[in-house]
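Residue numbering for the sequence shown is 1 to 144, as defined by full-length UniProt numbering. For glycine and all other residues, C-beta sits at the position ideal for the given N, C-alpha and C.
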Amino acid sequence: MMRKVIVYSSVHHGNTEKLVKSIAEECQVDLIDAVKQPDADLSSYDTIGFASGIYFSKFHQSILGFAEKNLPDDKGVFLICTYGGSANYKSIEQILGKKHSTAIGKFGCKGYDTFGPFKLVGGIAKGHPDGKDIKNAVEFVKGL
1 MMRKVIVYSS VHHGNTEKLV KSIAEECQVD LIDAVKQPDA DLSSYDTIGF
51 ASGIYFSKFH QSILGFAEKN LPDDKGVFLI CTYGGSANYK SIEQILGKKH
101 STAIGKFGCK GYDTFGPFKL VGGIAKGHPD GKDIKNAVEF VKGL
């Protein structure tokens, strides 16, 4: 049995948490909140996911720090992000590169965002991730 884990960070509106909890309900996946648990031994997992909102075009610092410290070499890695503006995987992919890993899959969807400039307009992507986004995320992880 392939063991999967998703290390996530969901700081502002719980967009990412909503996604990963729905994925965990339908797929055999363990969850680790990188903010509450900055360290974990991931060596027993075959596939490791990192999920985060996008802050200033980057994955949350807690995720980047976690991956930097705890990602073992030669694991299948997938990436999930929720964003107000646009998806951006560069920050995490730089760390994967150092660990001789490449992402086997990426999933991004809109997430309600009131961060930085979006606060002025009352936030964007309200109501996201919605049911369809969640269903797509679950299908994405099932298909890995």
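Around Gln28, the same chain offers Lys4 as residues with beta carbons nearer than 7 Å, after the five sequence neighbours per side are excluded.
Bounds of the alpha helix (DSSP H) holding Gly131 are Gly131 to Lys142. Apart from the 5 residues on each side of it in sequence, Pro129 sits with its Cβ closer than 8 Å to the Cβ of Asn15, Lys18, Leu19, Thr82, Cys109, Lys110, Gly111 and Ala137 in its chain, given in chain order. Shown here, Phe59 sits in a strand according to DSSP, grouped into three states. At a Cβ-Cβ threshold of 8 Å, Ile95 and Leu64 count as neighbours.
If only uninterrupted beta strand (DSSP E) runs of at least 3 residues are considered, those enclosed by the stretch 85 to 128 are 103 to 110. Ranked by how close their Cα comes to the Cα of Val11, the residues Ala40, Gly97 and Gly53 have Gly53 in first place.
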